[in-house]
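Numbering (the numbering used here), first residue to last: 25 to 322.
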């Protein structure tokens, strides 16, 4: 399949695993569904922001939830929002401007309930924007948006949490208007779970990832370095390797999946991790993947 265009389903199936992969493979006309999702996302935004369908499907696949049937998860995807978030994570100026016009006022209103004696509302808003869309170490936080709900709601919840953290970092007494958003509670619990794993197994994670990277085939390491460290698009990867963008995206997805699986295997050699912690460990590895790749391969 190296000299022919790979179907979009193959990109998806390279990323997801287990029962999810079997369920996805059984979806009728999956390629058409993925193409239609991308086409609708482009129409919704009035622009593709330089993103092609193969890159979009790869980005989507990496964010599909493990605890929701694949067909159901795909039906819930807010494609237009996901494409916009993806482009913003890439630093696309037009996408960033569009997101600011659509959602900037709501984010600002979310932060208005946080009163501070030392940080002005404008400065707090700027801090939140920086954390959402710019990162000196690893991917920006907007990459955590998975498209399983409206981007507006995700931004509001995330902005509030970031604002609270910014004020706490300044050791201020907080006066915050109440908000009993259940999704915020769930996100906080997930963050705590990942933080505990990172605290308990930090050194072992680093060792396991380094060993897994060394075991990865040369093409996989090169693809990951070009994509993550140098920011080469899947379209350009296809040109460099003399193949279609969808094939390059499939190779890249396979490399990422192999790296995650090898890291889990190497971690298992270093620590005894319970089945309850395994799912959280996989999420942690995925969340740290780009940062770890950058550290080891740049």
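Glycine included, each C-beta is placed from N, C-alpha and C at the ideal position.
Annotated three-state conformation of residue 114 is coil, per DSSP. For residue 264, the number of other beta carbons within 10 angstroms of its own is below 16, and it is reported as exposed. DSSP places residue 80 inside the alpha helix (DSSP H), whose first and last residues are 77-85.
With respect to residue 249, residue 237 sits apart: the two C-beta atoms are not nearer than 8 Å. Cα atoms of residue 228 and residue 163: separation of roughly 22 Å, rounded to the nearest angstrom.
Counting C-beta pairs closer than 8 Å gives fewer than three between the stretch 143-159 and the stretch 80-98, which falls short of the contact rule.
Around the beta carbon of residue 316, 16 or more other beta carbons lie within 10 angstroms, which makes this residue buried. Rounded to the nearest angstrom, the Cβ distance from residue 32 to residue 59 is 6 Å, consistent with a contact under 8 Å.
Burial state of residue 226 is exposed, judged by a 10 Å Cβ sphere holding fewer than 16 other Cβ atoms. A distance below 8 Å separates the beta carbons of residue 234 and residue 320.
For residue 102, no alpha helix (DSSP H) run applies, since DSSP gives it neither H nor E.
Going by beta carbons, residue 278 and residue 38 fall inside the 8 Å limit.
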